[in-house]
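The structure appears right after this line, and notes come after that.
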Amino acid sequence: MSHELKPVYTAADLEEKDCLDGPSPGQYPFTRGIQPTMYRGRLWTMRQYAGMGDAEESNRRYHYLLSQGTTGLSVAFDLPTQTGYDSDSPLALGEVGRTGVAISSLEDMEQLFSGIGLDKVSTSMTINATASTLLAMYVAAARRAGADTRKLSGTVQNDILKEYIARGTYIYPVQPAIRLTTDLIAWAGQHHPEWNTISISGYHMREAGSTAAQELAFTLANGRAYVDAALEAGLAIDSFAPRLSFFFNAHSNLFEEVAKFRAARRLWARWMREVYHAENPRSWMLRFHTQTAGSTLTAQQPENNIVRTTLEALSAILGGTQSLHTNGFDEALALPTEKAARIALRTQQIIAHESGVPLVADPLGGSYYVEALTDQLEAEAESIFARIESLGGTLKAVESGWVQQQIQHSAYQWQRQVDSGATIIVGVNKFASEADPEIPLHTLNPDLERRQVERLRALRERRPPVAWESSLVQLSDAARTTANMMPYIVQAVESLATVGEIADTLRSVFGEYRETVTV
């Protein structure tokens, strides 16, 4: 925790003394939750982030998770797919299917969801630089399967700013990348009204080492940058703001995380109503997905990670999340096995059905400590916002490397505390065992990459060349204008253009981003 704590808290510690009997859950500014009854009316969506190898292998995992009670799918893509390279690119060698599923074409997407009604399940896709292409493939796959595409529900991450800040899977310079983001928001808002068009993510900034206050501040600042970009593109605030969503990290300090989620809702509601003058109350509501913190998982004594994940999941639920993924206990070592994924899902189900926690909205509301922490995190975030504005706004703060530098400094300070023993990591720098028992790990089929490449090359041989080539020419032409690029990307996808070919077409117009090095 980055701030000093008192040994006990009283009403005197609260900045807003009336917060103990302030607005109820479901009332502006939604500090206590966006719905009056929260989980009494409907539990959070239980997602399990999954994707490994090729589409066929991942499809088997999705069917398994659905059979075990998962209520929403969450897709992990491999690094070549995330960065706009096909599985047969020389730059993809050795990375195909490693960190997620390899998707190069519409046919891969169809195989990924074979036997799953896409208009009957909610799907989250963690994809950013190539989000437009992957969502186009998802929609096209649903259409070819006979699904009602206006009923598609789910989320595409589509948050490119955090890639420049903390994660690195960017392709294009910032401005054209933001244009792709807003083009998707505008297009999906018109054609797929149930789809969340962006998941503004603080998760990866926290994984890179930010504090809770920094995660809160940088995430909401990025949210404002997307709102500003959408307004500049001519969209009305209430036409897109209700479909904005957020993605936060559930880290290890339970009460700080609960306060972070509460402060986030309050800040966003106030901005949407008072700064952007949104009139639809749904535009004021900050809806968010949470994932337990991968960076807190340890390779040493990995069974301890079950306890860590349980506490982190509890913080998200006490904080009012709408959707949750719980990490597998073996993920510090490899992709999760079916057993680890099942335990992670059961963790959510036990909290939901055995703990009694979901029976009351915001059960920690009114706690002197939690209310004071909520105020404190909000104040720290506001201070960071002011600094960002003094630098010329979020885009300039990111392009200059200032945001990245702040996170790097926090990560360094935390590591120093671990190294010195001031911060205890159980099983790592204290209570370590001489030898940990071996646990079974998930392994990838060594023949997977060859099979994926062969399928891709066979597709190139049999697709209609005229339609494919024409679609990429039209996309290139559109990218050189101010036209919305999504219809052209959809056309290219349906002509069996690949992820890499579409990305290369846009690279030829926009160029590629080169990171600013900060010291």
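Converting from the sequence shown to this note's numbering requires adding 71 to each position, the first position being numbered 1.
Cβ atoms here follow ideal geometry from the backbone N, Cα and C, with glycine treated the same way.
The structure displayed is predicted, hence computed values, not measured ones.
Unbroken stretches of the alpha helix (DSSP H), 4 residues or longer, contained in the segment 82–167: 126–138, 150–153
Residue of S145, A538, L306 minimising C-alpha distance to N555: Translated into the one-based positions of the sequence shown, residue 555 becomes position 484. That would be L306, whose Cα lies nearest to the Cα of N555.
In terms of alpha-carbon separation, which member of P161, M117, P96, P352 lies closest to D433? Locating residue 433 in the sequence shown gives position 362, where the first residue counts as 1. Nearest C-alpha to D433: P96.
Beta-carbon spacing of V146, V167 below 9 Å: As a first step, residue 146 is located in the sequence shown; it is residue number 75 there, counting from the start. As a first step, residue 167 is located in the sequence shown; it is residue number 96 there, counting from the start. No. Outside cutoff.
How should G186 be labelled, buried or exposed, when 16 other C-beta atoms within 10 angstroms of its C-beta is the threshold for buried? Along the sequence shown, read from residue 1 onward, the residue named residue 186 stands at position 115. Looking at its Cβ environment, which holds fewer than 16 other Cβ atoms inside 10 Å, G186 is exposed.
Measuring CB atoms only, is the segment 489–497 touching the segment 122–136, in the sense that at least three cross pairs come out at less than 8 Å? no
Determine the DSSP secondary structure at K501, reduced to helix, strand or coil. One-based indexing of the sequence shown puts residue 501 at position 430. The answer is strand: DSSP assigns K501 an E or B state.
Tell me the rounded alpha-carbon separation between M117 and S138. Position 46 of the sequence shown, counted from the first residue, corresponds to residue 117. Position 67 of the sequence shown, counted from the first residue, corresponds to residue 138. Near 13 Å, if we compare the C-alpha coordinates of S138 and M117.
Simplified DSSP assignment, three categories, for V79: Translated into positions along the sequence shown, residue 79 becomes position 8. In the structure shown, V79 sits in coil (DSSP, three-state: anything other than H, G, I, E or B).
Tell me, please, which residues DSSP counts as bridged to L315. The residue you call residue 315 lines up with position 244 of the sequence shown. Looking at the DSSP assignment, L315 forms a beta bridge with I269.
Compute the Euclidean distance between the alpha carbons of T252 and A82, then round it to the nearest angstrom. The residue labelled residue 252 in the question sits at position 181 within the sequence shown. The residue labelled residue 82 in the question sits at position 11 within the sequence shown. Near 44 Å, if we compare the C-alpha coordinates of A82 and T252.
Determine the extent of the beta strand (DSSP E) in which Q362 is found, giving its start and end residues. Locating residue 362 in the sequence shown gives position 291, where the first residue counts as 1. Segment 359–363, the beta strand (DSSP E) holding Q362.
Output needed for I455: all residues of its chain with C-beta closer than 6 Å, excluding positions within five of it in sequence on either side, in chain order. The residue labelled residue 455 in the question sits at position 384 within the sequence shown. The residues are A288.
Min CB distance W266 to chain C below 9 Å: Protein chain content of the structure displayed is limited to a single chain, and chain C is not contained in it.
Residue from I421, T154, S386, D219 with nearest C-alpha to A248: Reading the sequence shown from its first residue, position 177 is the one you call residue 248. Of the candidates I421, T154, S386, D219, the one whose C-alpha sits nearest the C-alpha of A248 is T154.
Considering only the alpha carbon of each residue, which of S394, L462, A212, P94 lies closest to L567? Position 496 of the sequence shown, counting from 1, holds the residue named residue 567. It is A212.
DSSP puts T197 in a beta bridge; with which residues? Locating residue 197 in the sequence shown gives position 126, where the first residue counts as 1. DSSP, once it has assigned bridges, lists A147 as partnering T197.
Which residues bound the beta strand (DSSP E) around L395? The residue given as residue 395 occupies position 324 in the sequence shown. That run of the beta strand (DSSP E) goes 394–396.
Using 8 Å as the cut-off, can you tell me whether the segment 466–478 makes contact with the segment 99–113, which would need three or more C-beta pairs spanning the two stretches below that distance? no
Only counting the same chain, and skipping five residues up and downstream in sequence, which positions put a Cβ closer than 7 Å to that of R551? Here residue 551 corresponds to residue number 480 of the sequence shown, with the count starting at 1. Once the five neighbours on either side are set aside, the close Cβ partners of R551 are V580.
Name the residue from A200, S195, S129, R215 whose alpha carbon lies nearest to the alpha carbon of E565. Translated into positions along the sequence shown, residue 565 becomes position 494. Among A200, S195, S129, R215, the Cα nearest to that of E565 is on R215.
Kindly list the residues whose CB is nearer than 8 Å to the CB of V561, restricted to its own chain and excluding five residues on each side of it in sequence; keep chain order. Counted from its first residue, the sequence shown places residue 561 at position 490. So the list reads A207, V210, A211, once near-sequence residues are dropped.
Enumerate in chain order the residues of its own chain whose CB-to-CB distance from A384 is below 7 Å, with the five nearest sequence positions on each side excluded. Taking the sequence shown and counting its residues from 1, the one referred to as residue 384 is at position 313. Once the five neighbours on either side are set aside, the close Cβ partners of A384 are A321, T363, L395, T397, T418, Q419, I422.
Can you tell me whether G225 is helix, strand or coil according to DSSP? Your numbering for residue 225 matches position 154 in the sequence shown. Strand at G225.
Following the continuous alpha helix (DSSP H) through K467, name the residue where it begins and the one where it ends. Start at 1 with the first residue of the sequence shown, and residue 467 comes out as number 396. 465–470 is the span of the alpha helix (DSSP H), which, as asked, contains K467.
Option in Y99, H74, E75, L416 with minimal Cα separation from R353: Looking up residue 353 in the sequence shown gives position 282. Here the closest residue by C-alpha is Y99.
Measure the alpha-carbon distance for A300 versus R250 and round it to whole angstroms. In the sequence shown, the residue the question calls residue 300 occupies position 229. In the sequence shown, the residue the question calls residue 250 occupies position 179. Using only the alpha carbons, I get a separation of about 8 Å.
Roughly how many angstroms separate the alpha carbons of A370 and L406, rounded to a whole number? Position 299 of the sequence shown, counted from the first residue, corresponds to residue 370. Position 335 of the sequence shown, counted from the first residue, corresponds to residue 406. Each residue's alpha carbon lies about 13 Å from the other.
Since I believe R295 is in contact with W342 (beta carbons under 8 Å), could you give me their beta-carbon distance rounded to a whole number of angstroms? Residue numbering aside, residue 342 sits at position 271 when the sequence shown is read from its first letter. Residue numbering aside, residue 295 sits at position 224 when the sequence shown is read from its first letter. 7 Å between Cβ atoms; contact.
Ranges of the alpha helix (DSSP H) found wholly within the segment 384–443, counting only runs of at least 4: 409–424
Minimum C-alpha distance to H262 - residue among E303, D219, A283, I236: Within the sequence shown, numbered from 1, the residue matching residue 262 stands at position 191. Ranking the options by Cα distance to H262, first place goes to D219.
Inspect the CB distances between the segment 273–288 and the segment 327–341 and report whether three or more fall short of 8 Å. yes
Spatially closest choice to A503 from P373, R585, V524, T569, by CA coordinates: Here residue 503 refers to the residue found at position 432 when the sequence shown is read from its first residue. Selected option, being the one with the closest Cα: P373.
Check this for me: beta carbons of F400 and T380, under 9 Å apart or not? As a position in the sequence shown, residue 400 is number 329, starting the count at 1. As a position in the sequence shown, residue 380 is number 309, starting the count at 1. The answer is yes: Cβ separation under 9 Å.
Once the 5 residues before and after D149 are set aside, which same chain residues still bring their CB inside 7 Å of it? For the purposes of this step, residue 149 is taken as residue 78 along the sequence shown, with counting starting at 1. Closer than 7 Å at the Cβ level, and outside the excluded window around D149, lie E166, V167, G168, R169, T170, G171, V172, A173.
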